[in-house]
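Asks:
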Amino acid sequence: MSDFDVIKGFAFDMDGVLADTARFHTIAWRKIADEVGTTWTKELEEGLKGIDRMGSLALIIAAGGHENEYDQTAREALAEKKNTNYRELISKLTPADILPGMQNFLDELKLSVASASKNAPFIIERLGLDDYFKAVVDPASVSAGKPDPAIFSAAAAVLNLKPEQVIGLEDSAAGIKSINGAGEISVGIGDATVLAEADVNFDQTADVTLNAIKEALDKK
Ligand code: BG6
Ligand code: MG
1 MSDFDVIKGF AFDMDGVLAD TARFHTIAWR KIADEVGTTW TKELEEGLKG
51 IDRMGSLALI IAAGGHENEY DQTAREALAE KKNTNYRELI SKLTPADILP
101 GMQNFLDELK LSVASASKNA PFIIERLGLD DYFKAVVDPA SVSAGKPDPA
151 IFSAAAAVLN LKPEQVIGLE DSAAGIKSIN GAGEISVGIG DATVLAEADV
201 NFDQTADVTL NAIKEALDKK
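For the sequence shown, position 135 matches number 135 in full-length UniProt numbering, and the numbering has no gaps at all.
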């Protein structure tokens with residue numbers, strides 16, 4: 001029996017896997033980086049993926065060495081400003097913003113969402129995907145954000161499945177760590193060097209199908 005044969009459910013990351021929203025997070029965070037005086041780099045951008053709102057802000061502030069210039073109140077104001085800008089950008093999302101191949105893949109499965117985003121229910125609704133998912137885990141309900149395993153553990157629990165019966169899909173290194181820590185099979189989507197800890201990897205969402213995952217796992 002292969003690892004694939006025990007699989008009963010899938011837990012999806014959202015930003016960068018289901019929804020083409022990573023570019024909007026980048027636009028909105030970049031404005032904040034400019035405001036605090038942190039130089040934007042590709043490494044900073046990649047490292048923010050999967051990290052929750054306040055954690056992302058802390059990384060941006062620290063990347064420029066500005067830790068002592070922003071207290072909690074100032075940080076909350078910056079996070080609020082970023083989210084207001086981001087909400088404006090995502091307010092026009094439509095099903096056309098579902099990443100390539102994901103609609104067909106969803107038709108094959110039993111599913112939950114494990115996103116660090118507090119905007120996840122809104123985005124899933126805008127994409128017209130709410131009927132697919134048994135649950136969207138509320139990131140505020142778990143003890144710690146990605147890379148901690150808590151959110152992907154909760155994503156298996158809401159499906160009434162054991163971790164080994166679940167495959168998690170992610171486009172971030174923090175998220176792959178979360179899936180692996182939860183004891184689930186991890187599927188990375190994106191740069192295989194960034195997602196080196198994933199059990200199997202695909203370059204792009206358009207390549208992800210049930211059969212492609214089974215073949216990749218069977219080859220391992
Ligand atoms: C993750 C994104 O899915 O959600 C991060 O990859 C983002 O970039 C995080 O910071 C939190 O999102 P939100 O919408 O709650 O600010
Ligand atoms: Mg993501």
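Just so you know, even glycine gets a beta-carbon here, dropped at the ideal spot from N, CA and C.
So, using beta-carbon positions, are Leu93 and Ile27 closer together than 8 Å?
Replies: The residue you call residue 93 lines up with position 93 of the sequence shown. The residue you call residue 27 lines up with position 27 of the sequence shown. Cβ atoms of Leu93 and Ile27: not closer than 8 Å.
Asks: Indicate, with yes or no, if ligand 1 has a heavy atom lying under 7 Å from the CB of Ser91.
Replies: Along the sequence shown, one-based indexing puts residue 91 at 91. The answer is no for Ser91.
Asks: Is any non-hydrogen atom of ligand 2 found closer than 7 Å to the C-beta of Asp131, if you look at the structure I gave you?
Replies: The residue given as residue 131 occupies position 131 in the sequence shown. Checking every heavy atom of ligand 2 against the Cβ of Asp131, none is found closer than 7 Å.
Asks: Should Asp199 be labelled buried (16 or more other beta-carbon atoms within 10 Å of its own) or exposed?
Replies: The residue labelled residue 199 in the question sits at position 199 within the sequence shown. By the neighbour-count rule (16 or more Cβ atoms within 10 Å), Asp199 is buried.
Asks: My output table needs one value for Asp5: the three-state DSSP class, helix, strand or coil.
Replies: On the sequence shown, residue 5 is found 5 positions in, with the first residue counted as 1. DSSP places Asp5 in helix when its eight states are reduced to three.
Asks: Under 6 Å Cβ to Cβ from Ala135, same chain only, skipping five residues before and after it: list those, please.
Replies: On the sequence shown, position 135 is the one that residue 135 refers to. The residues are Ser112, Val158.
Asks: According to DSSP, Ser186 sits in a beta bridge with which residue or residues?
Replies: As a first step, residue 186 must be located in the sequence shown, where it is residue number 186. In the DSSP output, where bridge partners are listed per residue, Ser186 has Gly168.
Asks: Look at the alpha carbon of Gly64 and the alpha carbon of Thr73, and state the distance between them as a whole number of angstroms.
Replies: Locating residue 64 in the sequence shown gives position 64, counting from the first residue. Locating residue 73 in the sequence shown gives position 73, counting from the first residue. If you take the alpha carbons of Gly64 and Thr73, they lie about 19 Å apart.
Asks: For the putative contact between Val17 and Thr205, defined by C-beta atoms under 8 Å, what is the C-beta separation to the nearest angstrom?
Replies: Here residue 17 refers to the residue found at position 17 when the sequence shown is read from its first residue. Here residue 205 refers to the residue found at position 205 when the sequence shown is read from its first residue. Val17 to Thr205, Cβ: 7 Å. Contact.
Asks: Could you check what DSSP says for Ser112 in three-state terms: helix, strand or coil?
Replies: Here residue 112 corresponds to residue number 112 of the sequence shown, with the count starting at 1. Ser112 falls in the strand class under three-state DSSP.
Asks: Could you check what DSSP says for Asp15 in three-state terms: helix, strand or coil?
Replies: The sequence position of residue 15 within the sequence shown is 15, counting from 1. In the structure shown, Asp15 sits in a strand (DSSP, three-state: E or B).
Asks: Suppose the cutoff is 7 Å on Cβ atoms and the five residues either side in sequence are ignored; what does the same chain contact list for Ile179 look like?
Replies: Within the sequence shown, residue 179 is the residue found at index 179, counting from 1. Cβ within range, chain order: Phe152, Gly168, Glu170, Ser186.
Asks: Between which two residues does the alpha helix (DSSP H) carrying Val36 extend?
Replies: Mapped onto the sequence shown, residue 36 falls at position 36. Per DSSP, Val36 belongs to the alpha helix (DSSP H) from 22 to 36.
Asks: Going by DSSP, what residue range makes up the alpha helix (DSSP H) through residue 222?
Replies: Examination of residue 222 is not possible in this model, given that the chain is present from 1 through 220 alone.
Asks: Would you call the region 49 to 57 and the region 116 to 135 in contact, with 3 or more CB pairs under 8 Å?
Replies: Counting Cβ pairs under 8 Å, three or more are found: they touch.
Asks: Using a 10 Å radius around the Cβ and a threshold of 16 neighbouring Cβ atoms, would you call His66 buried or exposed?
Replies: What you label residue 66 is simply residue 66 of the sequence shown in a count that begins at 1. The residue in question, His66, is exposed, as its Cβ has fewer than 16 Cβ neighbours within 10 Å.
Asks: Which class does Ile98 belong to by DSSP, given the choice of helix, strand or coil?
Replies: The residue you call residue 98 lines up with position 98 of the sequence shown. Strand.
Asks: What's the call for Thr39, buried or exposed, on a 16-neighbour Cβ count within 10 Å?
Replies: Residue mapping note: residue 39 aligns to position 39 of the sequence shown, counting from 1. Label assigned to Thr39: exposed.
Asks: Which one or two residues does DSSP pair with Phe202 in a beta bridge?
Replies: Residue mapping note: residue 202 aligns to position 202 of the sequence shown, counting from 1. Answer is Ile189, bridged to Phe202.
Asks: Please state the DSSP three-state secondary structure of Lys177.
Replies: Within the sequence shown, numbered from 1, the residue matching residue 177 stands at position 177. Lys177: helix per DSSP, three-state reduction.
Asks: Got a sec, what are the start and stop residues for the beta strand (DSSP E) Lys82 sits in?
Replies: What you label residue 82 is simply residue 82 of the sequence shown in a count that begins at 1. Element bounds for Lys82: not the beta strand (DSSP E) but the alpha helix (DSSP H), 72 to 90.
Asks: Contact defined as beta carbons within less than 8 Å: I believe Gly47 pairs with Leu59. What is the distance between those atoms, to the nearest angstrom?
Replies: Numbered from its first residue, the sequence shown carries residue 47 at position 47. Numbered from its first residue, the sequence shown carries residue 59 at position 59. So it is a contact: roughly 6 Å between Cβ atoms.
Asks: Alpha carbon to alpha carbon, what distance is there between Gly128 and Glu156?
Replies: Against the sequence shown, residue 156 aligns to sequence position 156. Against the sequence shown, residue 128 aligns to sequence position 128. Note that residue 156 is Ala in the sequence shown here, rather than Glu. Cα to Cα, the separation comes out at about 23 Å.
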